[in-house]
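In terms of this note's numbering, the sequence shown opens at residue 1 and continues consecutively.
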Amino acid sequence: MKITAARVIVCCPGRNFVTLKIETDQGLTGVGDATLNGRELAVASYLQDHVLPCLIGRDPQQIEDIWQYLYKGAYWRRGPVTMSAIAAVDTALWDIKAKMAGMPLYQLLGGRSRTGVMVYGHATGRDIAETVDEVLRHREEGYQAIRAQSGVPGLEKVYGVSTTQRMYEPADGNLPNEHDWDSAKYLRHTPRLFEAVREAVGEDIHLLHDVHHRLSPNEAAQLGRSLEPYQLFWMEDPTPADNPQAFRLIRQHTTTPLAVGEVFNSIWDCKLLIEEQLIDYIRATVTHAGGITHLRRIADLAALYQVRTGCHGATDLSPVAMGAALHFDTWVPNFGVQEYMPHSAQMLSVFPHDWRFERGMLYCGETPGHGVDIDEKLAAKYPYQRAYLPVNRLQRDGTLWDW
Ligand code: KDG
Ligand code: MG
1 MKITAARVIV CCPGRNFVTL KIETDQGLTG VGDATLNGRE LAVASYLQDH
51 VLPCLIGRDP QQIEDIWQYL YKGAYWRRGP VTMSAIAAVD TALWDIKAKM
101 AGMPLYQLLG GRSRTGVMVY GHATGRDIAE TVDEVLRHRE EGYQAIRAQS
151 GVPGLEKVYG VSTTQRMYEP ADGNLPNEHD WDSAKYLRHT PRLFEAVREA
201 VGEDIHLLHD VHHRLSPNEA AQLGRSLEPY QLFWMEDPTP ADNPQAFRLI
251 RQHTTTPLAV GEVFNSIWDC KLLIEEQLID YIRATVTHAG GITHLRRIAD
301 LAALYQVRTG CHGATDLSPV AMGAALHFDT WVPNFGVQEY MPHSAQMLSV
351 FPHDWRFERG MLYCGETPGH GVDIDEKLAA KYPYQRAYLP VNRLQRDGTL
401 WDW
């Protein structure tokens, strides 16, 4: 069996997606997601100019060898651009192999570990009252796990909270928008938010919160401690994990569970956090952490230390990534939760898929492969539009801060 063609498709049905489609001489095709929010064309070029020429003529069944070839063979290892490109190839190859086997991907990985995938939804509001309403609305829809974010009094634009009436979308500017930040205001406000949310929603709903890398380790420890009465499922990205040792300090001071890893690309980013049991959930995902092949390695390492998975699932992970993630989640023994930020109908129309949402759970389909394809004709109607993630500055003096 041989790879005969491979194409990179960049489209913008409401937001940008980079998709790789691989064709074979036996008529089977596979797709993989390569979207790197705000840096999409870098991955498209990496694939188009440097990876695809090396793929033509190879046997698509040799997934492991192709992974090693692209990882070790480039000499320049890791990094988000490289690992997203490798991930797209890997995901497309697993899609092809599962189609060859006539199996849904989760079967090829080892079979079903659960009936469905618990997801967490996003409840956001401009203030506490709005967020509480959103949490209750999610509960009505059947969500068992809900992430709560709200505007912070005195700060104009805050992570996760839409300033328009539209759904929150991380990449919102033709040039980077600027947000303002004040850790003291946030630290005062957030326990009040969770006091109100927990009071309204009762004890049975899992509550999550994303700090989005904005606190120092000591501030993160303070926040974790102040949230303990509200029994969070997790506190996410409390401080940047560039220096993973920083989590020792947080861990010494709070029992609030910690989740980290949506910006991780490799098992080496996860190693210390997992081995020292400094976190409870690892958020690396198929698209940015080297595909199914590498994510499986990360999950196996995590399992040794009772760390569970919590794959990133914002809208910048395409429906292809969601399909692959759901097969992974259905199989992985140490599953925790899956993030679910629904795509718009327009986005979904470009990616025919067989997964479905029902009362707080996502279910992968039974079609051979990962169950997602791309409608290339429709995709061509939505050309790429430059879009950036915002940057964050201290309100006090404009110092550029973590986003
Ligand atoms: O592209 C960046 C987004 O995916 C990220 O900001 C979303 O933090 C995020 C989350 O937890 O979904
Ligand atoms: Mg996050």
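Each residue gets a CB set at the ideal place from its N, CA and C atoms; glycine is no exception.
* Nonlocal neighbours in the same chain, by C-beta distance under 6 Å from Gly125, ignoring five residues either side -> The answer, listed in chain order, is Thr131, Glu134 and Ser150.
* **Helix, strand or coil at Arg225 according to DSSP, with G and I counted as helix** => In the three-state DSSP reduction, Arg225 falls in the helix class (H, G or I).
* To do: Can you tell me which of the three DSSP states Asn404 falls into?
  => Outside the modelled stretch of the chain, which goes from 1 to 403, sits residue 404, for which no answer is possible.
* Asked: Buried or exposed: which applies to Trp268, given that a residue is buried once 16 or more other Cβ atoms fall within 10 Å of its Cβ?
  -> Taking all protein chains shown into account, Trp268 has fewer than 16 neighbouring C-beta atoms within 10 Å of its C-beta and is therefore exposed.
* Asked: In the DSSP assignment, what are the bridge partners of Ser150?
  -> Residue pairing by DSSP places Ser150 opposite Gly125 in a beta bridge.
* Continuous alpha helix (DSSP H) stretch holding Asp90: start and end -> Run containing Asp90: Pro80 to Ala101, per the alpha helix (DSSP H) assignment.
* **Nonlocal neighbours in the same chain, by C-beta distance under 7 Å from Thr163, ignoring five residues either side** => Excluding sequence neighbours, Thr163 sits near Lys157.
* Asked: Going by the C-beta, is Gly79 closer than 8 Å to any heavy atom of the ligand KDG?
  -> No, since every heavy atom of the ligand KDG falls outside the 8 Å radius drawn around the Cβ of Gly79.
* Consider the C-beta atom of His50 and the heavy atoms of the ligand MG; say whether any pair is separated by less than 8 Å. => Checking the Cβ of His50 against the ligand MG gives no.
* Can you tell me which of the three DSSP states Arg251 falls into? => Arg251: helix per DSSP, three-state reduction.
* Three-state secondary structure (DSSP) of Gln385 -> Three-state result, Gln385: coil.
* Asked: Mind checking whether the beta-carbon of His353 lies closer than 8 Å to any heavy atom of the ligand MG?
  -> The ligand MG has no heavy atom closer than 8 Å to the beta-carbon of His353.
* Would you mind working out which of Ile205, Asn265, Ala200 and His213 sits nearest Ser183, comparing C-alpha positions? => Residue His213 holds the alpha-carbon nearest to the alpha-carbon of Ser183 among Ile205, Asn265, Ala200 and His213.
* Can you name the start and end residues of the alpha helix (DSSP H) that Asp269 belongs to? -> If you look at Asp269, you'll find it in the alpha helix (DSSP H) that goes Ile267 to Glu275.
* Asked: With a CB to CB cut of under 8 Å and the five nearest residues on each side skipped, what residues in its chain are close to Gln231?
  -> Leaving aside the five residues that flank Gln231 on each side, the residues in its chain whose CB is nearer than 8 Å to its CB run, in chain order, Arg198, Glu203 and Leu207.
* Asked: In terms of residue numbering, what span does the alpha helix (DSSP H) encompassing Arg198 cover?
  -> Start and end: Ser183 to Val201.
* Asked: Taking 8 Å as the cut-off, is the CB of Gly14 close to at least one heavy atom of the ligand KDG?
  -> Remark: the C-beta of Gly14 is outside contact range of the ligand KDG, defined as less than 8 Å to any heavy atom.
* N- and C-terminal bounds of the beta strand (DSSP E) containing Tyr168 -> First-last for Tyr168: undefined, no H or E at that position.
* Can you tell which of Arg393, Tyr384, Trp234 and Tyr388 has its C-alpha closest to the C-alpha of Pro176? -> Closest by C-alpha distance to Pro176, out of Arg393, Tyr384, Trp234 and Tyr388, is Tyr388.
* Assigned secondary structure, Pro104 (DSSP; H/G/I helix, E/B strand, else coil) -> If DSSP states are grouped into helix, strand and coil, Pro104 belongs with the strands.
* To do: Decide yes or no for the touch test of the stretch 61-79 against the stretch 245-254: beta carbon pairs closer than 8 Å, at least 3 of them.
  => Taking 8 Å as the limit for Cβ pairs, the verdict is that the stretch 245-254 does not touch the stretch 61-79.
* **Residue burial classification, His312 (beta-carbon count within 10 angstroms, cutoff 16)** => With 16 or more other Cβ atoms within 10 Å, it is buried.
* Asked: Where does the unbroken beta strand (DSSP E) through His327 begin, and where does it stop?
  -> In this chain, His327 is not harboured by any beta strand (DSSP E); it is covered by the alpha helix (DSSP H) spanning Pro319 to Trp331.
* Asked: Nearest to Phe440 by alpha carbon, out of Gln144, Ala303, Ala196 and Ala74?
  -> The structure shown does not extend to residue 440, since the chain is modelled only from 1 to 403, so the question has no answer here.
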